[in-house]
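A.B. asks: Going by the working numbering, the letters in the sequence shown line up with residues 1 to 482, in that order.
For glycine and all other residues, C-beta sits at the position ideal for the given N, C-alpha and C.
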Amino acid sequence: MTAEQDRNIMQLDPAEMSKSFADIAQRSSKLVAEFMQRQPTGGGKLGMADETGIAQAFFDLTTKVMSDPFRLAEVQMRMWQDYMSLWQGSMMSMFGQKSNPVIAPATGDKRFKHDDWQENFVFDYIKQSYLIAAHHMNSLVADVKGLDEQTAKKVNFFTRQYIDALSPSNFAMTNPEVVRATVESGGQNLVRGLSNLLGDLERGDGQLRISMTDTEAFELGKNIAASKGKVVYQNDLMQLLQYEPGTKEVYKKPLLIMPPWINKFYILDLRDKNSLIKWAIDQGHTVFVISWVNPDSKLRDKNFENYMLEGPLEALDAIEKATGEREVNAVGYCLGGTLLASTMAYMQADDDKTNDKRIASATLLTTLIDFEEPGELGVFLNEQNVEALEKRMAERGYLEGSEMATTFNLLRANDLIWSFVINNYLLGKEAFPFDLLFWNSDSTRMPARMHSFYLRKMYLENALKEPNGISLNGVGIDMGKV
């Protein structure tokens, strides 16, 4: 901080500070009132049931930890040794002497990048105290013996969520950047932050939908998803977009791109500099892209096989009609890749109904065929969780896109949740324009029947990798024939 900034802080009007914080209190009361109005009446419960089985998982963890008191005592002893070293080092720093840190943030941890986390001995102490506790808590949970694999993954994942949430960077009085912003602005950053919070609650109809980007900075067809295309075919589930090649010489076979249906297609057409569609056009490809519909309750009974029949298979017919070419090269991304692989197995089955060779080549991007190791997403995938999800989907006929988005955000909570809490609500800043996060916030719903099939057959049963493990339109799917 410069000397000029220090003088500005000293000259702040106490009356203005008082006014700012009174404004915060007033708006907070409004926030609480609006929250209570949104809650169900007649004995309804706040929140949702423990669908992921967190309580049982941590009960099992506690039982195992308490059954090995020597291990617990060992972890506690190491933690107190680290705290003793921290206290000694902090005393040296307080008296102007240099001391080495007991613990440092992991490489890539952006939470403690502000200079005061290193240069101010108070905030340095707060930072290291938190990191020591986090380290030993993670170590204790990770080393517990006797938990089954799924429970171990669950307690590790949610322990990290708990630790991330309690980071001192997430609280106004323990984040030096927020403290300085509060003093310098007379608390106006918190007033703006509360306004941002209210806006996100209103935008989410009572659920907190954190703004990750400035949505006003982007306009579809103008500065995002701006490649020139046209709709050449549509049905209940999709529109087929055609993009003309940008070269004189053109590849004979068209290129069909199948994106996932959990987000919009323009992940592949953000802006000119990071658009796969634009790149393919410039290489001389005639590009066709499936843009999936955002389904409502009317499409609740659409299944995975409907996505195949009305998606790539009808798209192939439409492409042949538009270009005269029967064969295409295909690209599948994420769930679109799983659907593409399933479609190819369906087309190449030894069956009178199929044996279709129209897909000449296929490229799969970030695609799962074998779902044995779904990563941390597997924490949310068990019978209890899927049953609860199916009950909610049965009421509406679809899975709300924001639910899936929240799950994915938890996988990188510090980057996709807490960094925006600090920026938007504590610092009172507007979200920065970012094309990828604009797309990420533009989630879509999923029909109940299709999503239930996908979760059960792909994740819970891992049936796709097995010959004839699933059947689509009466045809057994065998990936070995692709």
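(1) Sorted by chain position, which residues of the same chain lie with C-beta nearer than 8 Å to lysine 481's C-beta, five sequence neighbours on each side aside?
(2) My guess is that valine 232 and alanine 330 are in contact by the Cβ rule of under 8 Å, so how many angstroms apart are they, rounded?
(3) DSSP state of threonine 52, grouped into three classes?
(4) Alanine 330 bridges to which residues according to DSSP?
(5) In this structure, how does DSSP classify methionine 212 when only helix, strand and coil are distinguished?
(6) Does the beta-carbon distance from valine 289 to proline 259 come in below 9 Å?
(7) My output table needs one value for isoleucine 262: the three-state DSSP class, helix, strand or coil.
(8) Can you tell me whether leucine 270 is helix, strand or coil according to DSSP?
(9) Mind checking who glutamine 242 pairs with in its DSSP beta bridge?
(10) Using the Cα positions of asparagine 409 and leucine 416, report the straight-line distance between them to the nearest angstrom.
(11) For the candidate residues Leu426, Leu256, Lys273 and Ile54, whose alpha-carbon lies nearest to that of lysine 154?
(12) What are the start and end residues of the alpha helix (DSSP H) that includes glutamine 207?
(13) Grouping DSSP H, G and I as helix and E and B as strand, with all else coil, what is proline 168?
(14) Rounded to whole angstroms, what's the CA-CA distance from glycine 47 to leucine 208? Just pull it up for me.
(15) Can you list, in chain order, the residues of its chain with a C-beta nearer than 7 Å to that of phenylalanine 58? Leave out the 5 residues immediately preceding and following it.
(16) Which residues does DSSP list as the beta-bridge partners of leucine 399?
(17) DSSP three-state call for isoleucine 422: helix, strand or coil?
(18) If you draw a straight line from the alpha carbon of leucine 270 to that of tryptophan 439, how long is it in whole angstroms?
(19) Would the region 290-304 and the region 390-407 be scored as touching if the rule is three or more Cβ pairs under 8 Å?
(20) Assuming contact is defined by CB atoms lying nearer than 9 Å, are alanine 341 and methionine 238 in contact in what I supplied?
(21) Can you tell which of Thr367, Ala134, Leu436 and Leu255 has the C-alpha that lies nearest to the C-alpha of arginine 358?
(22) Whose C-beta lies closer than 6 Å to the C-beta of tryptophan 292 among residues of the same chain, with five residues either side of it excluded?
(23) Does the region 108-122 come close enough to the region 140-160 that 3 or more CB-CB pairs lie under 8 Å?
(24) Inspect the beta-carbon positions of glycine 199 and serine 211 and report whether they are closer than 9 Å.
(25) Once the 5 residues before and after asparagine 462 are set aside, which same chain residues still bring their CB inside 6 Å of it?
(26) Would the region 158-178 count as touching the region 83-98 if we require 3 or more Cβ pairs under 8 Å?
(27) Under the DSSP definition of a beta bridge, which residues are partnered with valine 475?
(28) Using the C-alpha atoms, what's the distance from aspartate 435 back to asparagine 189?
(29) Can you list, in chain order, the residues of its chain whose CB lies under 8 Å from that of lysine 64, leaving out five sequence neighbours each side?
(30) Just grab the DSSP bridge partners of leucine 220 for me.
C.D. replies: On the basis of the data shown:
(1) Ala345, Gln348, Ala349 and Asp350
(2) That belief does not hold up - the Cβ atoms of valine 232 and alanine 330 are roughly 17 Å apart, past 8 Å.
(3) coil
(4) Leu256 and Ala362
(5) It is coil, neither helix nor strand.
(6) yes
(7) coil
(8) coil
(9) Lys230 and Phe288
(10) If you draw a straight line from the Cα of asparagine 409 to the Cα of leucine 416, it is about 5 Å long.
(11) Ile54
(12) Here glutamine 207 belongs to no alpha helix (DSSP H), and DSSP marks it neither H nor E.
(13) helix
(14) Note that glycine 47 scores 45 on pLDDT, short of 50, meaning its location in the model is unreliable and no value can be drawn from it.
(15) Val155
(16) Looking at the DSSP assignment, leucine 399 forms a beta bridge with Met446.
(17) Of the three classes helix, strand and coil, the one that applies to isoleucine 422 here is helix, per DSSP.
(18) If you take the alpha carbons of leucine 270 and tryptophan 439, they lie about 8 Å apart.
(19) yes
(20) no
(21) Leu255
(22) Once the five neighbours on either side are set aside, the close Cβ partners of tryptophan 292 are Met238 and Trp261.
(23) no
(24) yes
(25) Phe371 and Glu372
(26) no
(27) Leu472
(28) Spanning the two alpha carbons is a distance of roughly 26 Å.
(29) The residues are Val144, Lys145, Gly146 and Leu147.
(30) Ile224
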